[in-house]
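Have a look at the structure below before the remarks.
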Amino acid sequence: MSETPTTVVWFRDDLRISDNPALHEAVLRGDPIVCLYVLDDESPGIRPIGGASRWWLHHSLESLAESLKAVGLTLTLRRGPAREVVTALVGDVGATRVLWNRRYGEVERGIDGDLKSSLREAGVEADSFQGSLLAEPWTVLTGQGGWYKVFSPFYRAVMARQTPRHPLPAPTVGDGLHHRTVATDALADWHLLPTSPTPDWAGGLRERWRPGETGAAERLDTFLTERVSHYVAEHDLPAEEGTSMLSPHLRWGEMSPFQFWHALDGHRARASADAEGAAAVLRQLIWREFSYHLLYHLPSITTQNMREEFDRFPWVDPSPAELERWQQGDTGIPLVDAGMRELWQTGIMHNRVRMVVASFLVKNLRVDWRVGEAWFWDTLVDADPAANALNWQWVAGSGPDAAPYFRVFNPELQASKFDKHGSYVNRYVPEAGTPAYPEPMVDLKESRRAALDAYASIRG
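For the sequence shown, position 359 matches number 359 in UniProt numbering, and the numbering has no gaps at all.
What follows is the structure, given as structure tokens:
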């Protein structure tokens, strides 16, 4: 054990050095710093991340390590149950302080709370900070003191709050930072990337994305300078680059919501013509906040119907072959297939198409929303524990702020409205309309009617 006071900064879903409150506090302290990331897929209740997320995490950690090295720090990697790993590291280096930014899932909060208590009992300072949400869930309450179950009043409540704090600066070489050299895992030994004999499915991901803080900043700059002015007109058009494409960077904390908020707000002030687009994007950012608000107050959101009547819904158990047709984009419904192929090839899917493919699975095929949520969890680079579940429940109609169950997205009508020239479908399903393309799995009208009959049966 060292007698030199040492601060451990525990990184989690905040893989950045700018606007990182835990790291910022450690820098102010001036003691040697150990920057730690723990790959925890062993703690009870922790949900291991999916394949696309593992790919992203590998590259994001590489980027974080480079950013830390540039300011005189190093990244330590450890794998195992987080509480055990952090406690062991504290003992190894004789750390006097452990800092982290808060998480909001029930299991994660339990781990963090237990660790904080045990560290303090051992005489080690342990502090957590607000770095991942603009409004922490327990601070946004209704007039009666309860939590919000519907988005619109939640949105109004968040917007009525004081302007979020300004982003904190990144540390610099001039801060004279000192790191403690400790044993670290090799990132390659974690096998986060696809390896043989598994096919290399990540080619499209490499082409589309640049994980890491620098990639996030570049993506934000491109959006503000080239796309936000067209956001309102184009964000529903899957063939266009009309959305911000920042969701994976926010999910992994390569950009904080505070940075995003103030970038949007500043751009809106400088370019009044873009104000409408910036306001619409800001609403999407608040939807992310709402998903974590629900996750905090209703942890069962990830696995249980929020509306209890859906516990009686007569879901259909698909055969492996039927489910694979949906997963691989071979349903015979062009817009659905285009979305599922975009997801497999790039790790992302256009927001409107996500609703279409989810509605097709849940309503036309009557497959439990949890089946779709699990596939998205494995294949999305922005697979977010709160938003993924909320969005599936919203489409299914089982959530508190849900689209009515009888709102069944018709893929053909959606394509005629939002991909009227077929550009998006042709990009991913060039064989659509040819003899090589399969017949539809189901008749859209008949399956819609069957879904509505099934819904009527649970309304009692």
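Each residue gets a CB set at the ideal place from its N, CA and C atoms; glycine is no exception.
* To do: Report the partner residues of D127 according to the DSSP bridge assignment.
  => L99
* Through-space distance from M255 to K149, alpha-carbon basis -> 27 Å
* Asked: Pairing CB atoms from the stretch 62-78 with CB atoms from the stretch 5-24, are three or more of them under 8 Å?
  -> yes
* To do: Could I get the ranges of all uninterrupted alpha helix (DSSP H) runs contained in the stretch 361-413, with 4 residues as the minimum, in chain order?
  => 369-379 and 387-396
* For G209, write down the residues that DSSP places opposite it in a beta bridge. => The residue you asked about is not Gly; residue 209 is Trp in the sequence shown. Paired residues: none, contrary to the question.
* To do: Can you tell me which of the three DSSP states I286 falls into?
  => helix
* Do D378 and G51 have their C-beta atoms closer together than 8 Å? -> yes
* Assuming P171 contacts H59 (C-beta within less than 8 Å), just tell me the rounded distance between them. => Contact doesn't hold; Cβ gap of about 22 Å is too wide.
* Just the Cα atoms here: how many angstroms apart are H240 and S300? -> Before going further, note that residue 240 is Glu rather than His in the sequence given. Taking the straight line from one Cα to the other gives about 36 Å.
* Starting from the C-beta of Y428, find all residues in its chain whose C-beta is less than 6 Å away, skip the five residues before and the five after it, and write them out in chain order. => A338, R341 and E342
* CA-CA distance, I458 and Q259? -> 45 Å
* **Bounding residues of the alpha helix (DSSP H) (the contiguous stretch that carries R120)** => E106 to E121
* Rounded C-beta distance between residue 519 and T7? I'm assuming under 8 Å. -> With the chain covering 1 to 460 only, the question about residue 519 has no answer from this structure.
* For L365 and Y292, the rounded distance between their alpha carbons -> 29 Å
* To do: Examine the Cβ distances between the stretch 37-51 and the stretch 103-115 and report whether three or more of them are shorter than 8 Å.
  => yes
* Given 8 Å, three or more beta-carbon pairs between the stretch 366-375 and the stretch 407-425 -> no
* the stretch 22-40 touching the stretch 138-155, judged by at least three CB pairs closer than 8 Å -> no
* **Contact set for S67: own chain, Cβ-Cβ below 7 Å, skip 5 residues either direction** => I17 and E213
* Asked: What is the DSSP secondary structure of I458, counted as helix, strand or coil?
  -> helix
* Asked: Identify the residues that DSSP records as bridge partners of I33: which are they?
  -> T7 and H179
* Asked: Any contact of the stretch 217-232 with the stretch 188-202, i.e. 3+ C-beta pairs under 8 Å?
  -> no
* Asked: Which residue's Cα is closest to the Cα of L168: H179, L23, R283 and N426?
  -> L23
* Under the assumption that A396 contacts V362 (Cβ atoms under 8 Å), give the Cβ distance between them as a whole number of angstroms. => 5 Å
* To do: Would you check if the stretch 306-324 and the stretch 279-286 touch, i.e. whether three or more CB-CB distances between them fall below 8 Å?
  => no
* Mind checking whether G347 and L220 have CB atoms under 8 Å apart? -> no
* **Cβ neighbour criterion (16 or more within 10 Å) applied to G176** => exposed
* Asked: Is the distance from the Cβ of R54 to the Cβ of L192 below 8 Å?
  -> yes
* Asked: With a CB to CB cut of under 8 Å and the five nearest residues on each side skipped, what residues in its chain are close to residue 510?
  -> Residue 510 is absent from the structure shown; the chain starts at 1 and stops at 460.
* To do: Return the chain-ordered ranges of every beta strand (DSSP E) run that is complete within the stretch 209-273 and spans a minimum of 3 residues.
  => none
* Asked: Run through DSSP, which three-state label would S86 get?
  -> Looking at the sequence itself, residue 86 is Val, so the reference to Ser does not match. Residue state, collapsed to three classes: helix.
* If you draw a straight line from the C-alpha of Y424 to the C-alpha of T243, how long is it? -> 15 Å
* To do: Use the C-beta contact count for S2: other C-beta atoms within 10 angstroms, 16 or more gives buried, fewer gives exposed.
  => Here the model assigns S2 a pLDDT of 49, short of 50, so the residue's position is not dependable, and the following value carries that caveat. Exposed, because fewer than 16 other Cβ atoms sit within 10 Å of the Cβ of S2.
* Asked: Do you know offhand how far Q284's Cα is from F151's?
  -> 11 Å
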